[in-house]
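Below is one structure; the comments refer to it alone.
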Amino acid sequence: MTIRTLLTTIVLAGSIPVASLAADYTLNVGLVGGPQAPEVIAMGQFAEEVETATDGRIEVRVQSGGALGGDRDVIEGVQLGTVEMAVPSTSVVANFVPDLKIFDIPFLFRDFDHADAVLNGPVGQEILDEMPDQGLVGLAYGGMGFRELTNNVRPVEKAADVEGLKIRTQQNDMHIAVWEALGVLPTPMAIPEVYTALQQGVVDGQENPVGAILNNRFGEVQKYLSMTDHAFTPLVVLISPSVWNSMDAEDQAVIKTAAENAMARNREEVENGLSTGLDELRAQGVTVVEDVDKASFRAKLDGLYDQFAGQFGEDRLNEIEQTK
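The sequence shown maps to residues -22 to -1, 1 to 302 in mature numbering (1 follows the signal peptide of the UniProt record, and there is no 0).
What follows is the structure, encoded as C-alpha coordinates:
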(Lines of atoms letter the chains of each structure in order from A and count residues from 1; the text may use other names and numbers.)
(Lines give C-alpha, C1' and ligand atoms only; values in the text may rest on other atoms or scores of the structure.)
Protein backbone atom coordinates (compact mmCIF):
# COMPACT_ATOMS: atom_id res chain seq x y z
CA MET A 1 0.00 0.00 0.00
CA THR A 2 1.41 3.43 -0.94
CA ILE A 3 1.58 6.30 1.55
CA ARG A 4 -1.10 8.15 -0.47
CA THR A 5 -3.45 5.13 -0.36
CA LEU A 6 -2.86 4.70 3.37
CA LEU A 7 -3.65 8.35 4.08
CA THR A 8 -6.79 8.19 1.93
CA THR A 9 -7.95 5.09 3.82
CA ILE A 10 -7.41 6.81 7.17
CA VAL A 11 -9.30 9.93 6.07
CA LEU A 12 -12.22 7.90 4.73
CA ALA A 13 -12.36 5.77 7.87
CA GLY A 14 -12.42 8.90 9.98
CA SER A 15 -15.36 10.22 8.00
CA ILE A 16 -17.58 7.17 8.66
CA PRO A 17 -20.49 8.23 10.91
CA VAL A 18 -20.36 6.83 14.43
CA ALA A 19 -23.91 5.43 13.92
CA SER A 20 -22.59 3.03 11.31
CA LEU A 21 -20.09 1.58 13.81
CA ALA A 22 -22.32 1.35 16.86
CA ALA A 23 -25.83 2.37 17.82
CA ASP A 24 -26.30 5.55 19.83
CA TYR A 25 -28.94 3.76 21.89
CA THR A 26 -29.75 0.14 22.58
CA LEU A 27 -33.31 -0.22 23.85
CA ASN A 28 -34.13 -3.51 25.57
CA VAL A 29 -37.91 -3.94 25.71
CA GLY A 30 -39.17 -6.19 28.50
CA LEU A 31 -42.34 -8.20 27.82
CA VAL A 32 -43.93 -11.06 29.73
CA GLY A 33 -45.69 -12.62 26.72
CA GLY A 34 -44.13 -15.31 24.57
CA PRO A 35 -42.93 -14.85 20.97
CA GLN A 36 -46.43 -15.24 19.48
CA ALA A 37 -48.14 -12.83 21.88
CA PRO A 38 -49.78 -9.89 20.03
CA GLU A 39 -47.81 -7.29 21.98
CA VAL A 40 -44.53 -9.08 21.22
CA ILE A 41 -45.31 -9.20 17.50
CA ALA A 42 -46.28 -5.53 17.69
CA MET A 43 -43.02 -4.55 19.35
CA GLY A 44 -41.15 -6.44 16.65
CA GLN A 45 -42.75 -3.96 14.24
CA PHE A 46 -41.71 -1.15 16.61
CA ALA A 47 -38.10 -2.32 16.45
CA GLU A 48 -38.08 -2.39 12.64
CA GLU A 49 -39.71 1.04 12.36
CA VAL A 50 -37.33 2.69 14.83
CA GLU A 51 -34.18 1.14 13.40
CA THR A 52 -35.20 2.06 9.84
CA ALA A 53 -36.17 5.63 10.73
CA THR A 54 -32.89 6.23 12.58
CA ASP A 55 -30.60 4.37 10.16
CA GLY A 56 -29.68 2.02 12.98
CA ARG A 57 -28.65 4.74 15.43
CA ILE A 58 -31.28 3.33 17.78
CA GLU A 59 -31.19 -0.44 18.17
CA VAL A 60 -34.20 -2.22 19.70
CA ARG A 61 -34.02 -5.65 21.31
CA VAL A 62 -37.39 -7.25 22.06
CA GLN A 63 -36.96 -9.39 25.18
CA SER A 64 -40.07 -11.57 25.40
CA GLY A 65 -41.17 -14.42 27.64
CA GLY A 66 -40.22 -12.64 30.86
CA ALA A 67 -36.51 -12.66 29.93
CA LEU A 68 -36.06 -9.44 31.92
CA GLY A 69 -38.52 -10.45 34.64
CA GLY A 70 -42.24 -10.14 35.30
CA ASP A 71 -44.29 -6.98 34.79
CA ARG A 72 -43.38 -5.53 38.18
CA ASP A 73 -39.69 -6.31 37.66
CA VAL A 74 -39.50 -4.52 34.32
CA ILE A 75 -41.48 -1.53 35.61
CA GLU A 76 -39.02 -1.12 38.46
CA GLY A 77 -36.19 -1.59 35.97
CA VAL A 78 -37.57 1.24 33.84
CA GLN A 79 -37.73 3.45 36.93
CA LEU A 80 -34.12 2.63 37.82
CA GLY A 81 -32.88 2.88 34.23
CA THR A 82 -31.68 -0.74 34.18
CA VAL A 83 -34.40 -1.62 31.64
CA GLU A 84 -34.88 0.86 28.81
CA MET A 85 -38.47 0.00 27.84
CA ALA A 86 -41.33 -2.27 28.84
CA VAL A 87 -44.91 -3.06 27.82
CA PRO A 88 -46.68 -4.15 31.01
CA SER A 89 -50.33 -4.41 31.92
CA THR A 90 -51.72 -1.21 33.40
CA SER A 91 -53.10 -3.35 36.23
CA VAL A 92 -49.54 -3.79 37.48
CA VAL A 93 -48.41 -0.25 36.65
CA ALA A 94 -51.34 0.87 38.84
CA ASN A 95 -49.24 -0.12 41.87
CA PHE A 96 -47.04 2.85 40.94
CA VAL A 97 -49.60 5.13 39.24
CA PRO A 98 -52.83 4.60 41.25
CA ASP A 99 -55.12 6.48 38.85
CA LEU A 100 -54.62 3.62 36.36
CA LYS A 101 -56.79 1.47 38.62
CA ILE A 102 -59.83 3.10 37.06
CA PHE A 103 -59.28 0.92 33.97
CA ASP A 104 -59.67 -2.20 36.14
CA ILE A 105 -63.30 -1.43 36.98
CA PRO A 106 -65.33 -4.43 35.80
CA PHE A 107 -67.51 -3.90 32.73
CA LEU A 108 -66.08 -0.37 32.31
CA PHE A 109 -65.59 -0.70 28.55
CA ARG A 110 -68.32 -1.71 26.11
CA ASP A 111 -65.95 -3.04 23.45
CA PHE A 112 -62.46 -2.56 21.99
CA ASP A 113 -63.51 0.63 20.14
CA HIS A 114 -64.74 2.16 23.39
CA ALA A 115 -61.54 1.16 25.20
CA ASP A 116 -59.40 2.68 22.43
CA ALA A 117 -61.37 5.93 22.49
CA VAL A 118 -60.97 6.30 26.26
CA LEU A 119 -57.32 5.26 26.46
CA ASN A 120 -56.28 7.46 23.54
CA GLY A 121 -58.48 10.36 24.61
CA PRO A 122 -58.25 12.96 27.40
CA VAL A 123 -58.69 10.45 30.24
CA GLY A 124 -55.82 8.25 29.08
CA GLN A 125 -53.55 11.21 28.32
CA GLU A 126 -54.09 12.78 31.73
CA ILE A 127 -52.84 9.59 33.36
CA LEU A 128 -49.83 9.38 31.02
CA ASP A 129 -49.00 12.92 32.12
CA GLU A 130 -48.81 11.72 35.75
CA MET A 131 -46.25 9.01 35.05
CA PRO A 132 -43.02 11.09 35.09
CA ASP A 133 -43.68 11.87 38.76
CA GLN A 134 -43.35 8.12 39.37
CA GLY A 135 -40.18 7.68 37.33
CA LEU A 136 -41.90 6.48 34.16
CA VAL A 137 -42.64 7.89 30.71
CA GLY A 138 -45.75 6.49 29.04
CA LEU A 139 -45.78 6.56 25.24
CA ALA A 140 -48.92 4.74 24.09
CA TYR A 141 -51.68 2.43 25.21
CA GLY A 142 -52.58 -0.93 23.77
CA GLY A 143 -54.65 -3.82 25.00
CA MET A 144 -54.64 -7.57 25.43
CA GLY A 145 -58.40 -7.74 25.05
CA PHE A 146 -61.18 -8.69 27.44
CA ARG A 147 -60.55 -11.05 30.31
CA GLU A 148 -62.31 -14.41 30.42
CA LEU A 149 -62.60 -16.95 33.23
CA THR A 150 -61.27 -20.51 33.14
CA ASN A 151 -61.59 -23.22 35.78
CA ASN A 152 -61.54 -26.95 36.39
CA VAL A 153 -64.64 -27.31 38.58
CA ARG A 154 -67.73 -26.41 36.55
CA PRO A 155 -68.94 -24.36 33.58
CA VAL A 156 -69.65 -20.79 34.66
CA GLU A 157 -72.83 -19.38 33.11
CA LYS A 158 -73.84 -16.86 35.80
CA ALA A 159 -72.34 -15.09 38.80
CA ALA A 160 -73.57 -17.69 41.30
CA ASP A 161 -71.46 -20.32 39.55
CA VAL A 162 -68.17 -18.73 40.66
CA GLU A 163 -68.92 -18.83 44.39
CA GLY A 164 -66.32 -20.79 46.30
CA LEU A 165 -63.87 -21.10 43.41
CA LYS A 166 -60.22 -20.41 44.13
CA ILE A 167 -59.08 -18.17 41.29
CA ARG A 168 -55.63 -16.83 40.53
CA THR A 169 -55.67 -13.03 40.20
CA GLN A 170 -53.13 -10.33 39.57
CA GLN A 171 -51.59 -8.55 42.55
CA ASN A 172 -54.06 -5.69 42.34
CA ASP A 173 -56.30 -4.50 45.17
CA MET A 174 -59.25 -3.76 42.91
CA HIS A 175 -59.13 -7.14 41.20
CA ILE A 176 -59.05 -8.84 44.58
CA ALA A 177 -61.98 -6.77 45.90
CA VAL A 178 -64.07 -7.54 42.81
CA TRP A 179 -63.56 -11.29 43.05
CA GLU A 180 -64.22 -11.29 46.78
CA ALA A 181 -67.52 -9.50 46.13
CA LEU A 182 -68.41 -12.31 43.72
CA GLY A 183 -67.76 -14.94 46.39
CA VAL A 184 -64.47 -16.13 44.91
CA LEU A 185 -61.32 -16.94 46.89
CA PRO A 186 -58.81 -14.73 45.01
CA THR A 187 -55.20 -15.91 45.03
CA PRO A 188 -52.65 -13.37 43.77
CA MET A 189 -49.82 -15.08 41.92
CA ALA A 190 -47.12 -14.20 39.39
CA ILE A 191 -47.95 -15.46 35.90
CA PRO A 192 -44.98 -17.90 35.61
CA GLU A 193 -46.35 -19.82 38.63
CA VAL A 194 -49.91 -20.19 37.34
CA TYR A 195 -49.57 -23.20 35.02
CA THR A 196 -48.16 -25.41 37.76
CA ALA A 197 -50.68 -24.09 40.29
CA LEU A 198 -53.54 -25.05 37.94
CA GLN A 199 -51.96 -28.39 37.15
CA GLN A 200 -51.54 -29.28 40.83
CA GLY A 201 -54.92 -27.92 41.93
CA VAL A 202 -53.47 -25.15 44.09
CA VAL A 203 -56.04 -22.92 42.39
CA ASP A 204 -59.19 -23.91 40.48
CA GLY A 205 -58.87 -21.36 37.73
CA GLN A 206 -57.59 -18.04 36.45
CA GLU A 207 -58.77 -15.11 34.34
CA ASN A 208 -57.02 -13.63 31.34
CA PRO A 209 -57.64 -12.62 27.74
CA VAL A 210 -57.87 -15.52 25.29
CA GLY A 211 -54.47 -14.74 23.79
CA ALA A 212 -52.78 -14.93 27.18
CA ILE A 213 -54.62 -18.17 28.00
CA LEU A 214 -53.22 -19.68 24.81
CA ASN A 215 -49.71 -18.26 25.10
CA ASN A 216 -49.39 -19.58 28.66
CA ARG A 217 -50.80 -22.99 27.63
CA PHE A 218 -53.53 -22.86 30.28
CA GLY A 219 -55.82 -24.81 27.96
CA GLU A 220 -53.70 -27.86 28.75
CA VAL A 221 -54.69 -27.70 32.43
CA GLN A 222 -58.22 -26.18 32.35
CA LYS A 223 -61.59 -27.74 31.48
CA TYR A 224 -63.90 -24.72 31.10
CA LEU A 225 -63.61 -21.23 29.62
CA SER A 226 -66.47 -18.76 30.15
CA MET A 227 -66.70 -15.63 27.98
CA THR A 228 -67.37 -13.27 30.87
CA ASP A 229 -65.68 -10.23 29.27
CA HIS A 230 -65.56 -8.93 32.84
CA ALA A 231 -62.66 -6.53 32.35
CA PHE A 232 -60.46 -5.10 29.62
CA THR A 233 -56.68 -5.43 29.97
CA PRO A 234 -54.85 -2.32 28.74
CA LEU A 235 -51.13 -2.30 28.09
CA VAL A 236 -48.87 0.73 28.18
CA VAL A 237 -45.55 1.27 26.42
CA LEU A 238 -43.07 2.66 28.94
CA ILE A 239 -39.60 4.11 28.48
CA SER A 240 -37.08 5.04 31.14
CA PRO A 241 -36.95 8.81 31.82
CA SER A 242 -33.15 8.69 31.80
CA VAL A 243 -33.21 7.38 28.23
CA TRP A 244 -36.08 9.57 27.07
CA ASN A 245 -34.61 12.79 28.45
CA SER A 246 -31.27 12.10 26.77
CA MET A 247 -32.88 11.93 23.32
CA ASP A 248 -33.39 14.91 21.05
CA ALA A 249 -36.90 15.89 19.97
CA GLU A 250 -36.54 14.18 16.59
CA ASP A 251 -35.66 10.81 18.10
CA GLN A 252 -38.40 11.17 20.71
CA ALA A 253 -40.93 11.73 17.91
CA VAL A 254 -39.72 8.59 16.10
CA ILE A 255 -40.04 6.51 19.27
CA LYS A 256 -43.49 7.82 20.17
CA THR A 257 -44.91 7.41 16.65
CA ALA A 258 -43.51 3.89 16.39
CA ALA A 259 -45.01 3.01 19.79
CA GLU A 260 -48.44 4.27 18.71
CA ASN A 261 -48.20 2.31 15.45
CA ALA A 262 -47.15 -0.79 17.34
CA MET A 263 -50.15 -0.61 19.64
CA ALA A 264 -52.45 -0.28 16.62
CA ARG A 265 -50.81 -3.46 15.26
CA ASN A 266 -51.31 -5.07 18.67
CA ARG A 267 -55.05 -4.48 18.46
CA GLU A 268 -55.19 -6.07 14.99
CA GLU A 269 -53.36 -9.13 16.27
CA VAL A 270 -55.66 -9.46 19.30
CA GLU A 271 -58.87 -9.15 17.30
CA ASN A 272 -57.71 -11.40 14.47
CA GLY A 273 -56.61 -14.06 16.92
CA LEU A 274 -59.78 -14.24 19.03
CA SER A 275 -61.91 -16.64 16.98
CA THR A 276 -58.97 -18.82 15.98
CA GLY A 277 -57.84 -18.81 19.60
CA LEU A 278 -61.18 -20.14 20.81
CA ASP A 279 -61.08 -22.84 18.13
CA GLU A 280 -57.61 -23.83 19.28
CA LEU A 281 -58.76 -24.08 22.90
CA ARG A 282 -61.72 -26.22 21.87
CA ALA A 283 -59.33 -28.49 20.01
CA GLN A 284 -57.39 -28.88 23.26
CA GLY A 285 -60.56 -30.15 24.92
CA VAL A 286 -61.65 -26.95 26.65
CA THR A 287 -65.42 -26.41 26.87
CA VAL A 288 -66.15 -22.81 25.83
CA VAL A 289 -69.23 -21.21 27.43
CA GLU A 290 -70.22 -18.27 25.22
CA ASP A 291 -73.68 -17.55 26.66
CA VAL A 292 -72.82 -15.95 30.02
CA ASP A 293 -75.29 -13.89 32.05
CA LYS A 294 -73.11 -10.80 32.45
CA ALA A 295 -75.95 -8.85 34.06
CA SER A 296 -75.81 -11.24 37.02
CA PHE A 297 -72.16 -10.31 37.56
CA ARG A 298 -72.90 -6.59 37.37
CA ALA A 299 -75.77 -6.97 39.84
CA LYS A 300 -73.49 -8.57 42.44
CA LEU A 301 -71.02 -5.71 42.04
CA ASP A 302 -73.53 -2.87 42.50
CA GLY A 303 -72.17 -1.99 45.92
CA LEU A 304 -68.65 -1.64 44.58
CA TYR A 305 -69.66 0.82 41.88
CA ASP A 306 -70.58 3.35 44.57
CA GLN A 307 -67.09 2.92 45.99
CA PHE A 308 -65.56 3.41 42.55
CA ALA A 309 -67.49 6.67 42.10
CA GLY A 310 -66.12 7.89 45.42
CA GLN A 311 -62.59 6.79 44.58
CA PHE A 312 -62.31 8.08 41.03
CA GLY A 313 -65.07 10.68 40.85
CA GLU A 314 -68.52 10.29 39.37
CA ASP A 315 -67.74 12.88 36.70
CA ARG A 316 -64.75 10.87 35.49
CA LEU A 317 -66.79 7.68 35.30
CA ASN A 318 -69.54 9.50 33.41
CA GLU A 319 -66.94 10.90 31.01
CA ILE A 320 -65.74 7.37 30.27
CA GLU A 321 -69.27 6.04 29.84
CA GLN A 322 -70.16 8.86 27.42
CA THR A 323 -67.00 8.51 25.32
CA LYS A 324 -67.74 7.25 21.81
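Even glycine gets a Cβ: it sits at the ideal position worked out from N, Cα and C.
Query: Do the region 103 to 115 and the region 168 to 181 meet, that is, are 3 or more Cβ pairs less than 8 Å apart?; Result: no
Query: Please report the distance separating the alpha-carbon of residue 177 from that of residue 183.; Result: 10 Å
Query: Give the straight-line distance between the Cα atoms of residue 51 and residue 36, rounded to the nearest whole angstrom.; Result: 24 Å
Query: Starting from residue 274 and walking both ways along the alpha helix (DSSP H), at which residues does that stretch end?; Result: 272 to 278
Query: What's the C-alpha gap between residue 8 and residue 109?; Result: 18 Å
Query: Going by DSSP, name the residue or residues bridged to residue 184.; Result: 128 and 146
Query: Provide the residue span of the alpha helix (DSSP H) that contains residue 81, from first to last.; Result: Per DSSP, residue 81 belongs to no alpha helix (DSSP H) and is neither H nor E.
Query: In the DSSP assignment, find the alpha helix (DSSP H) that holds residue 57 and state where it starts and stops.; Result: 49 to 58
Query: Please classify residue 15 as buried or exposed, where buried requires at least 16 other C-beta atoms within 10 Å of its C-beta.; Result: buried
Query: According to the neighbour-count rule (16 or more other Cβ atoms, all chains shown, within 10 Å of its Cβ), is residue 247 buried or exposed?; Result: buried
Query: If you draw a straight line from the alpha carbon of residue 207 to that of residue 127, how long is it in whole angstroms?; Result: 8 Å
Query: Is the region 87 to 100 in contact with the region 45 to 61, if contact means three or more CB pairs nearer than 8 Å?; Result: no
Query: Can the beta-carbon of residue 212 be found less than 8 Å from the beta-carbon of residue 24?; Result: no
Query: Under a three-way DSSP split, which group does residue 6 fall into?; Result: strand
Query: Return the chain-ordered list of same chain residues with a C-beta closer than 6 Å to the C-beta of residue 146, the five sequence neighbours on each side being excluded.; Result: 165, 167, 172, 181 and 184
Query: Determine the DSSP secondary structure at residue 262, reduced to helix, strand or coil.; Result: coil
Query: I'd like to know if the region 130 to 143 and the region 193 to 205 are in contact, where contact means that at least 3 CB-CB pairs between them fall below 8 Å.; Result: yes
Query: Is there contact here, the region 229 to 237 with the region 290 to 300, by at least three beta-carbon pairs under 8 Å?; Result: no
Query: Looking at residue 245 and residue 121, is the spacing between their C-beta atoms short of 8 Å?; Result: yes
Query: Just reading off the alpha helix (DSSP H) that residue 221 is part of, what are its end residues?; Result: 219 to 222
Query: Return the CA-CA distance between residue 155 and residue 253, expressed in angstroms with no decimal places.; Result: 31 Å
Query: With DSSP run on the structure shown, which of helix, strand or coil describes residue 64?; Result: strand
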